[in-house]
Every structure is written in structure tokens, then in C-alpha cells.
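In UniProt numbering, the protein residues as written are 1 to 264.
Here is the structure we will look at, set down as C-alpha cells.
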């Protein structure tokens, strides 16, 4: 058997041919055929079959210890589609590879395990930690509600919360203290589940000039998310929550590696 070329390797998700790292300068969008979440840019690729894997999905270990589930080791598994499962972190469906704890029924996309555990934000003096089960709160950036079961970046000491998807938003005003609003904005739900686990703006977010005077918001929500009011369905650009998580993870990981203070 001929030796594999540099940056080329076999992978169990594509036994037909080896896959090669492909640094796509055009940042072309693709579907990762490991976890079935869209991506863009650099990836593992089979030119014969047009098969693509996220760079992380191509190298993620068979077993993982993670702060997201410190009780037990997580095992890399392929979804058998006999029963619908959801990622405990982003709440999107699991269609391919995932990490799972059978004892606790805990599931997480390989991509979501790359979210940094802690980061710093311009709106708060303490480091923020990514937490799941906690008390309900208010996102300090968009003023939307954070459900008790939703993952968010939080300062437990100060009860300060920021949605995962709101972390990269640039803010004009810097705060050293945080006073939680006395009234939680009404949250919208679809099929009994919060319409977005990490982007749940208050009803007054979009038209609200009072919000605009405090923060330098883009005219649309970050990462191409379009949120419709009055209980209407959401539409996503390029693959639902998965595409948003891909861009979010990429932004947060790079930010933490470069010691970025988010929101600044």
C-alpha cells in the first residue's frame, strides 16, 4: 500500500478514500458529513467524492473529558436515527457524529465541545463561564431572557448573563457594574421549546431606539440569524442553528486564543 501524503489520513466516516486537509481560500460553504453541520473554509476533503469534514470532526478523539459534563467521560458515537436526539448545549438536532454519555443521556455536537469554558467581556469586570443549568436571567447585551436550562456565559457571583450568540457583538458603552432588570421580557416559544437557546431578544429589541443608543448593534441579529416576532417561524442562513454555531465557535475560539475582550 502506498504511503499517505502529508496532511492526508483515513477516517472511519469515509472508508472509501483517504481525506486531505484543504485550506479553502474562498471560504466556500459545505456540509460536514461527520456531524452534518454546515461549515465554511478549511476542512478535510475527498476530491473524488466531494466528501467534507470539519477540521475538528476529522481529528476529534473517540473519548473526551469535558467541563460541559464533568461527571463522566463522553464517547464519540454515530447517530443511528432510531430515536431523535438533541444537543444539550445548542439544542439543535443531532444528525451525525456526537459525544454522548449513556448514563446521563447527555449529548453534544463535537463542534459545541469547542466552545471556550471562560472568556472576558467588556461589559463585566469578572471572567464569564459557560454554564448550563442555572437560574433564569437577562442577557446584558440584547436584554432577552435566558431560560434556567439554557447555556450562556455567566458570572455566578454577580448573576450576570450573556447569550452565547451575543458575546461577539460590539458594544459602545462599557459597564463596570450590572443591575439586573426588575421585569423579565416576555419570551417566545415554538413547539414548547424556546425559539432560540442563545438568541432570544426582547420584544422591543429590533425597533427599540433606546437599545440602539446604548449598544452598537448591527441592523440584523449576529451570525445571519433572522428572528421573527409574534410566534412566527425562524429562518436561518445556510443551515439552521448549526451554521450559527460553526461561526460562533470559530469567533470565540480565536478570540480567547488572542486574549480578546469581547464587546470592546
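Yeah, the Cβ is synthetic: ideal placement off N, Cα and C, and Gly gets one too.
Asked: Proximity of residue 13 and residue 64 at Cβ, strictly below 8 Å; Found: no
Asked: Residue burial classification, residue 113 (beta-carbon count within 10 angstroms, cutoff 16); Found: buried
Asked: Distance between residue 141 and residue 89 (C-alpha atoms, nearest Å); Found: 20 Å
Asked: Status (buried if at least 16 other CB within 10 Å, exposed otherwise) for residue 139; Found: buried
Asked: Nearest-angstrom Cα separation, counted from residue 74 out to residue 232; Found: Reliability of the predicted coordinates at residue 232 is poor, the pLDDT of 29 falling under 50, and the value obtained from them is presented with this limitation in mind. Those two C-alpha atoms are separated by around 36 Å.
Asked: Contact between the segment 26-39 and the segment 102-111 (3+ Cβ pairs under 8 Å); Found: yes
Asked: Classification of residue 164 by the beta-carbon crowding that lies within 10 angstroms, buried from 16 upward; Found: buried
Asked: Cβ pair count under 8 Å reaching 3, the segment 120-129 against the segment 82-98; Found: no
Asked: Identity of the residue in 103, 102, 67 nearest residue 151 by Cα; Found: 67
Asked: Where the beta strand (DSSP E) containing residue 39 begins and where it ends; Found: 38-40
Asked: Secondary structure of residue 119, DSSP reduced to three states; Found: strand
Asked: Nearest candidate by alpha-carbon position, reference residue 248, set 40, 25, 8; Found: 40
Asked: Residue 254 to residue 169 span [Cα, whole Å]; Found: 15 Å
Asked: Delimiting residues of the alpha helix (DSSP H) encompassing residue 299; Found: Absent from the structure is residue 299, since the part of the chain shown begins at 1 and ends at 264.
Asked: Backbone CA spacing between residue 143 and residue 261 [nearest angstrom]; Found: 20 Å
Asked: Ordered list of beta strand (DSSP E) runs contained in the segment 82-149, each at least 3 residues; Found: 97-101, 106-108, 118-121, 128-131
Asked: C-beta atoms of residue 45 and residue 19 nearer than 8 Å; Found: yes
Asked: Bounding residues of the beta strand (DSSP E) (the contiguous stretch that carries residue 20); Found: 19-22
Asked: Contact set for residue 58: own chain, Cβ-Cβ below 7 Å, skip 5 residues either direction; Found: 11, 19, 44
Asked: Simplified DSSP assignment, three categories, for residue 67; Found: coil
Asked: Beta-carbon spacing of residue 130, residue 117 below 8 Å; Found: yes
Asked: Reduced DSSP secondary structure (H/G/I, E/B, other) of residue 166; Found: helix
Asked: Same chain only: Cβ atoms within 7 Å of residue 60, ignoring 5 sequence neighbours per side; Found: 76, 110
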